[in-house]
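In full-length UniProt numbering, the protein residues as written are 8 to 482. Ideal placement from N, C-alpha and C gives every residue a C-beta, glycine not left out.
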Ligand code: ADP
Ligand code: G6P
């Protein structure tokens, strides 16, 4: 076993997530670099952690089979405590149980979840390690906030070690109904794990309702109308807390003259079409990337659109690249992009630009500014922060958001052009509608969504959750 961590500074507020906000990469020459981790969880939690002094426990993104421990360090106003994963942990806990079993199961089985007992054992073991690390760092009576599907056993494990703590859990992804959840051979263990928290938060009310129903059905617990669960003599609360972004920060970046200049440069570089469609996603099969490209392709094939009228810019961050489904997706998407350009591009003028890369926030803001139509078409998504980021950047009330009904954000961004991404004809109509929309109509809708977002930013999300967590529940 590894040597014990040096006693760390104790914190009154501790966040536990699979990922740290920065990811460690090692260059071929051995130089170690840190860069921002991918995904919505980090985007949302980073400003919250900068505002609340606390510690963040998470994986640094590298695997290490040696004995070497990474020491806690401070970065951009945050105290970070790295957890090491061995290459077996990465394979079985992260790529395996988290992303080969839970991710597809919780996202409507868009891909087939795989069930392996060894993966479950690794998941249990790594969750235990995270729970022990949290128990070491948390001060007497501290608030510990555990995040996401990779760590669903931590609340129960941590409570056993430290009954003095106030424990919250937030699930960033959808929580499935009984019909899907019941397939999981370890369904009761997961429910008990979550019930170790005092408050379990979800993105949407339907997910909280699924959870309550499952605790009744699978564990025989009583639940109340106010979403309190009586679990072995304790009261656990569940509820919906739709996550958001730091709108002011992103808008500030979007308003900079250099961002505007870069946005214009991007439009010039793609040949100054009348309209620019934009997609920005992790390269994930839940995001409906192929569906939107297919719709665009058909419009070009049918002559409804020409590349001079509209081009598509798709940015896809590499993600979970060793998992089979992700390799297959990359092949499918890249084949499709090749077909679109083969049929409709000209020399030096592709009909579609596809970038398999990760960009800094300033470049993302320029992309959001360069677009006319943001195309967000997930087949299932807990929230989708990209949709909210686009709105944050459109301070001049221009631009149209096409948004899937199956993203959590669709509950809030009601003025978006809502689509069913499985309906290719519907998608095509939406793309055309967005290109032809009256500027006044688009501006009215954008203004309404911006007003909503300004009031519902990530601070409000965190404060609402943490205040609810702090309120001692009455029996
Ligand atoms: P998910 O959490 O499933 O990845 P979200 O839409 O909620 O989906 O969050 C994605 C986050 O990752 C956003 O903050 C977005 O800006 C960021 N992101 C997506 N693509 C890129 C990229 N190519 N480069 C940098 N950041 C990206
Ligand atoms: C989603 C998940 C996060 C995850 C992120 C990036 O946002 O909810 O928990 O961190 O995707 O995925 P990765 O596997 O790279 O951490």
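What do you reckon, is the C-beta of residue i under 8 Å from a heavy atom of the ligand G6P?
i           : result
residue 326 : yes
residue 107 : no
residue 45  : yes
residue 49  : yes
residue 289 : yes
residue 100 : no
residue 26  : yes
residue 547 : Since the first and last residues shown for the chain are 8 and 482, residue 547 lies out of range.
residue 440 : no
residue 157 : yes
From what residue to what residue does the beta strand (DSSP E) around residue i run?
i           : result
residue 86  : 85–92
residue 242 : 241–247
residue 33  : 29–33
residue 407 : 407–411
residue 361 : 359–362
residue 39  : 39–43
residue 146 : 145–154
residue 62  : 62–70
residue 475 : No beta strand (DSSP E) holds residue 475; the alpha helix (DSSP H) holding it covers 465–477.
residue 21  : 18–26
residue 175 : 173–177
Determine the DSSP secondary structure at residue i, reduced to helix, strand or coil.
i           : result
residue 379 : coil
residue 193 : coil
residue 427 : coil
residue 230 : strand
residue 128 : helix
residue 10  : In this predicted model, residue 10 has a pLDDT of only 46, less than 50, meaning its place in the structure is not dependable; the value taken from the coordinates is given anyway. Here residue 10 sits in coil by DSSP.
residue 102 : helix
residue 237 : strand
residue 418 : helix
residue 283 : strand
residue 440 : helix
residue 367 : coil
residue 312 : coil
Take the Cβ of residue i as the centre, count every other Cβ of all protein chains shown within 10 Å, and call the residue buried at 16 or more, exposed below.
i           : result
residue 133 : buried
residue 481 : Confidence in residue 481 is poor, its pLDDT being 40 and thus under 50, which makes the residue's placement unreliable; the coordinate value appears in the next sentence. Exposed: under 16 other Cβ atoms inside 10 Å.
residue 18  : buried
residue 201 : buried
residue 358 : buried
residue 338 : exposed
residue 415 : buried
residue 16  : exposed
residue 53  : buried
residue 8   : For residue 8, the predicted structure reports a pLDDT of 46, less than 50, and the residue's modelled location is therefore unreliable. The matter cannot be settled from this model.
residue 211 : buried
residue 288 : buried
residue 231 : exposed
Within 8 Å: the Cβ of residue i and any heavy atom of the ligand ADP?
i           : result
residue 154 : no
residue 463 : no
residue 181 : no
residue 304 : no
residue 417 : no
residue 389 : yes
residue 431 : no
residue 411 : no
residue 396 : yes
residue 55  : no
Looking at residue j and residue i, is the spacing between their C-beta atoms short of 9 Å?
i           : j           : result
residue 378 : residue 397 : yes
residue 82  : residue 126 : no
residue 243 : residue 206 : yes
residue 312 : residue 399 : no
residue 314 : residue 376 : no
residue 381 : residue 409 : yes
residue 280 : residue 222 : no
residue 426 : residue 384 : yes
residue 424 : residue 437 : yes
residue 85  : residue 124 : no
residue 25  : residue 114 : no
residue 273 : residue 371 : no
residue 27  : residue 66  : yes
residue 174 : residue 293 : no
residue 178 : residue 138 : no
Tell me which residue opens and which closes the alpha helix (DSSP H) that residue i is part of.
i           : result
residue 321 : Careful: residue 321 lies outside any alpha helix (DSSP H), inside the beta strand (DSSP E) at 317–324.
residue 119 : Run containing residue 119: none; DSSP gives neither H nor E here.
residue 277 : Per DSSP, residue 277 belongs to no alpha helix (DSSP H) and is neither H nor E.
residue 338 : 331–351
residue 161 : 161–168
residue 301 : 296–308
residue 445 : Note, residue 445: premise wrong, no alpha helix (DSSP H); not H, not E.
residue 260 : 254–262
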